[in-house]
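K.L.:
Chains as they are written, first to last, in our numbering: chain A, 65 to 180; chain B, 58 to 173.
#1: For chain A, find out if any of its Cβ atoms is closer than 8 Å to the Cβ of residue 155 of chain B; answer yes or no.
#2: List the endpoints of the continuous beta strand (DSSP E) containing residue 157 of chain A.
#3: Using beta carbons (cut-off 8 Å, strictly below), is residue 101 of chain B in contact with chain C?
#4: Between the segment 132-155 of chain A and chain B, which residues of the former have CB atoms less than 8 Å from a CB of the latter, in chain order?
#5: Label residue 174 of chain A either buried or exposed according to how many other C-beta atoms from any shown protein chain fall within 10 Å of its C-beta, with 16 as the threshold for buried.
#6: As a quick exercise: from A:100, A:102, A:112, A:108, pick the residue whose alpha carbon is nearest that of residue 137 of chain A.
#7: State the Cα-Cα distance for the pair residue 119 of chain B and residue 75 of chain B, rounded to the nearest angstrom.
#8: Roughly how many whole angstroms lie between the Cα atoms of residue 143 of chain A and residue 67 of chain A?
#9: Could you give the distance in angstroms between the alpha-carbon of residue 97 of chain B and the alpha-carbon of residue 143 of chain B?
#10: I'd like the span of the beta strand (DSSP E) that includes residue 58 of chain B, first residue to last.
#11: Would the segment 134-142 of chain B and the segment 64-72 of chain B be scored as touching if the rule is three or more Cβ pairs under 8 Å?
#12: Excluding the five sequence neighbours on either side, which residues of its own chain have a C-beta within less than 6 Å of the C-beta of residue 102 of chain B, listed in chain order?
#13: With distance defined between alpha-carbon atoms, name the residue in A:140, A:101, A:94, A:121 nearest to residue 152 of chain A.
#14: Anything in the segment 72-83 of chain A with a Cβ closer than 8 Å to a Cβ of chain B? List those residues in chain order, please.
#15: Exposed or buried, residue 92 of chain A, counting other C-beta atoms within 10 Å across all chains shown (16 or more means buried)?
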């Protein structure tokens with residue numbers, strides 16, 4: 065079946081502009097994660113959604129970052145007033161089981177964001 | 058909080074040689090452990106995972122990993138490396154949470170170069 069998809073695959077923007085990144089999880093997956101991968105860094109957790117529960121936003125680096133998930137499926141990560149340090153690959157992952165920690169996350173191809 | 062250390066940022070091996078990528082984790086309870094591979098321009102792909110049971114785990118593409126609790130390690134191995142294995146490898150540890158979801162922490166990755 066279809067995997068996790070993300071759009072756009074690449075985004076170039078000017079400093080100070082807002083950007084929206086989209087994630088379509090695997091159908092039926094109730095859990096959705098956003099990560100950021102900066103050059104030479106590991107994956108940095110940003111935010112987690114599970115069903116209709118309140119999201120875990122503990123990883124968002126600043127209040128310029130926000131995310132929503134509509135209808136328990138598609139998610140949008142918004143970065144307002146982008147800064148050059150926001151340049152990174154933004155990865156989305158989804159999983160089908162989120163209890164007792166026994167789940168596997170399936171990753172999308174990522175959106176490469178470049179802020180000039 | 059859990060953490061993951063991948064001490065080797067970059068490794069070069071000859072095609073046909075054996076491979077071992079090191080991973081050490083820090084977590085107070087029994088961890089859930091993963092290895093992911095990221096090929097250039099590709100998303101993260103799960104190689105294998107350890108949740109419980111047999112400490113030697115077999116994965117895709119001929120990879121295996123062994124969980125050693127006494128050493129807090131989960132090293133990835135392959136007996137004979139192929140040129141197509143050149144990629145970046147991420148070790149990750151997941152921890153259950155009272156809220157039920159799994160927060161996964163990734164290492165910074167080991168970049169594997171394969172020479173003919």
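C-beta: ideal position from N, C-alpha, C; glycine also. Here the structure is a predicted model, which is why all the values come from computation and not from measurement.
P.N.:
Per the coordinate set shown:
#1: Taking the first residue of the second chain as 1, we reach residue 155 of chain B at position 98. For residue 155 of chain B, the pLDDT reaches just 49, beneath the cut-off of 50, and the residue's location in the model is therefore unreliable, although a value from the coordinates is still provided. No, because no Cβ of chain A sits closer than 8 Å to the Cβ of residue 155 of chain B.
#2: Against the first chain, residue 157 of chain A aligns to sequence position 93. Element bounds for residue 157 of chain A: 152-159.
#3: The structure shown contains no chain C; its protein chains are A and B.
#4: Going along the segment 132-155 of chain A in chain order, one finds 155 with a Cβ nearer than 8 Å to chain B.
#5: Along the first chain, read from residue 1 onward, the residue named residue 174 of chain A stands at position 110. Classification for residue 174 of chain A: buried.
#6: The residue given as residue 137 of chain A occupies position 73 in the first chain. The residue with the shortest Cα to Cα distance from residue 137 of chain A is A:112.
#7: Taking the first residue of the second chain as position 1, residue 119 of chain B is located at position 62. Taking the first residue of the second chain as position 1, residue 75 of chain B is located at position 18. Answer to the nearest angstrom: the Cα atoms are 11 Å apart.
#8: In the first chain, the residue the question calls residue 143 of chain A occupies position 79. In the first chain, the residue the question calls residue 67 of chain A occupies position 3. When rounded, the distance between both Cα atoms is 24 Å.
#9: If you number the second chain from 1, residue 97 of chain B lands on position 40. If you number the second chain from 1, residue 143 of chain B lands on position 86. In a straight line, the C-alpha of residue 97 of chain B is about 9 Å away from that of residue 143 of chain B.
#10: Within the second chain, the letter at position 1 stands for residue 58 of chain B. From DSSP, residue 58 of chain B is part of no beta strand (DSSP E); its letter is neither H nor E.
#11: yes
#12: Here residue 102 of chain B refers to the residue found at position 45 of the second chain. Within the same chain, residue 102 of chain B has close Cβ partners 94.
#13: Taking the first residue of the first chain as 1, we reach residue 152 of chain A at position 88. Minimum Cα distance to residue 152 of chain A is reached at A:101.
#14: none
#15: Reading the first chain from its first residue, position 28 is the one you call residue 92 of chain A. Per the 10 Å Cβ criterion, exposed.
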